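Chemist: In the working numbering, the protein residues as written are 580 to 725. By construction, the Cβ of each residue, glycine as well, lies at the ideal position given by its N, Cα and C atoms. Owing to the predicted nature of the structure, the values given are computational and were not obtained by experimental measurement. Structure incoming, see below.
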Amino acid sequence: MKGIPVNKLEKIMYTAKTHTTGGRDGKSVSDDGLLNVNLALPKVMGGTGTATNPEQLFAAGYSACFIGALRHVAGLKKIKVPDGIAIDASVDIGPIPQGFGIAVKLMISLPGLDRAVAQDLIDTAHQVCPYSNATRGNIEVTLALV
């Protein structure tokens with residue numbers, strides 16, 4: 580699209596591939612077979628709630644990727660990442676004027692790190708994380724040090 584800046588990849592390091600059928604009440608399988616999940620609409624949205632859903636997968640992906648970004652920037656800054664690093668992620672879904680949208684909250688635990696150091700790592704990781712770069716300016720993302 581014209582007028583929208585795109586972060587063009589300088590080099591492709593990896594390509595994830597999945598085959599999905601049935602949409603929110605279907606199945607997704609990766610080309611290597613390592614991901615093989617049934618999908619179901621959550622009960623609160625009128626579904627069976629008997630399988631995972633895209634929002635849960637997004638929460639897992641974003642939080643795992645953000646931990647990777649935290650480790651990356653900590654390495655650059657010569658800071659040891661605590662063993663207990665963890666993120667509780669939530670992805671909200673709801674109506675927006677154009678249809679539906681999502682919002683993300685990452686509750687980040689960096690036990691034993693000075694709060695100022697931890698916050699600097701979080702702020703820097705948010706600049707390099709691929710999920711953060713993909714969502715910036717598109718959805719509300721809340722990052723909180725807990």
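Roughly how many angstroms separate the alpha carbons of residue 716 and residue 682, rounded to a whole number?
Modeler: Within the sequence shown, residue 716 is the residue found at index 137, counting from 1. Within the sequence shown, residue 682 is the residue found at index 103, counting from 1. So the two alpha carbons sit approximately 11 Å from each other.
Chemist: Could you give the DSSP three-state label for residue 591: helix, strand or coil?
Modeler: Along the sequence shown, one-based indexing puts residue 591 at 12. Coil at residue 591, not helix or strand.
Chemist: Check for me: the beta strand (DSSP E) holding residue 667 runs from which residue to which?
Modeler: For the purposes of this step, residue 667 is taken as the residue at position 88 of the sequence shown. First-last of the beta strand (DSSP E) with residue 667: 665-675.
Chemist: Starting from the Cα of residue 693, find the closest Cα among 661, 587 and 599 and give me that residue.
Modeler: Position 114 of the sequence shown holds residue 693. Closest option to residue 693, Cα to Cα, is 661.
Chemist: I want to know whether the segment 607-626 touches the segment 686-700 - three or more CB-CB distances under 8 Å.
Modeler: In short, these stretches do not touch, since the Cβ pair count stays below three.
Chemist: For residue 586 and residue 709, what's the separation of their Cα atoms in angstroms?
Modeler: Numbered from 1 along the sequence shown, position 7 holds the residue referred to as residue 586. Numbered from 1 along the sequence shown, position 130 holds the residue referred to as residue 709. Their Cα atoms are separated by approximately 10 Å.
Chemist: Would you kindly check if the distance between the Cβ of residue 685 and the Cβ of residue 658 is under 8 Å?
Modeler: Sequence index remark: in the sequence shown, residue 658 carries index 79 (1-based). Sequence index remark: in the sequence shown, residue 685 carries index 106 (1-based). No; because the gap between Cβ atoms is not below 8 Å, this pair is not in contact.
Chemist: Quick one: Cα of residue 603 to Cα of residue 668, how far?
Modeler: Start at 1 with the first residue of the sequence shown, and residue 603 comes out as number 24. Start at 1 with the first residue of the sequence shown, and residue 668 comes out as number 89. If I take the Cα positions, the gap works out to 20 Å.
Chemist: Express the C-alpha separation of residue 674 and residue 636 in angstroms, rounding to a whole number.
Modeler: Translated into positions along the sequence shown, residue 636 becomes position 57. Translated into positions along the sequence shown, residue 674 becomes position 95. Answer to the nearest angstrom: the Cα atoms are 20 Å apart.
Chemist: State the DSSP-derived secondary structure class of residue 687, mapped to helix, strand or coil.
Modeler: Here residue 687 corresponds to residue number 108 of the sequence shown, with the count starting at 1. If DSSP states are grouped into helix, strand and coil, residue 687 belongs with the strands.
Chemist: Tell me the rounded alpha-carbon separation between residue 606 and residue 676.
Modeler: Residue mapping note: residue 606 aligns to position 27 of the sequence shown, counting from 1. Residue mapping note: residue 676 aligns to position 97 of the sequence shown, counting from 1. In a straight line, the C-alpha of residue 606 is about 29 Å away from that of residue 676.
Chemist: Just grab the DSSP bridge partners of residue 678 for me.
Modeler: Counting from 1 along the sequence shown, the entry for residue 678 is found at position 99. DSSP lists 675 as partners of residue 678.
Chemist: Between which two residues does the alpha helix (DSSP H) containing residue 720 stretch?
Modeler: Reading the sequence shown from its first residue, position 141 is the one you call residue 720. No alpha helix (DSSP H) contains residue 720, which is instead part of the beta strand (DSSP E) from 719-724.
Chemist: Taking 8 Å as the threshold (C-beta atoms), are residue 700 and residue 653 in contact?
Modeler: Within the sequence shown, numbered from 1, the residue matching residue 653 stands at position 74. Within the sequence shown, numbered from 1, the residue matching residue 700 stands at position 121. Cβ distance < 8 Å, so residue 653 and residue 700 count as in contact.
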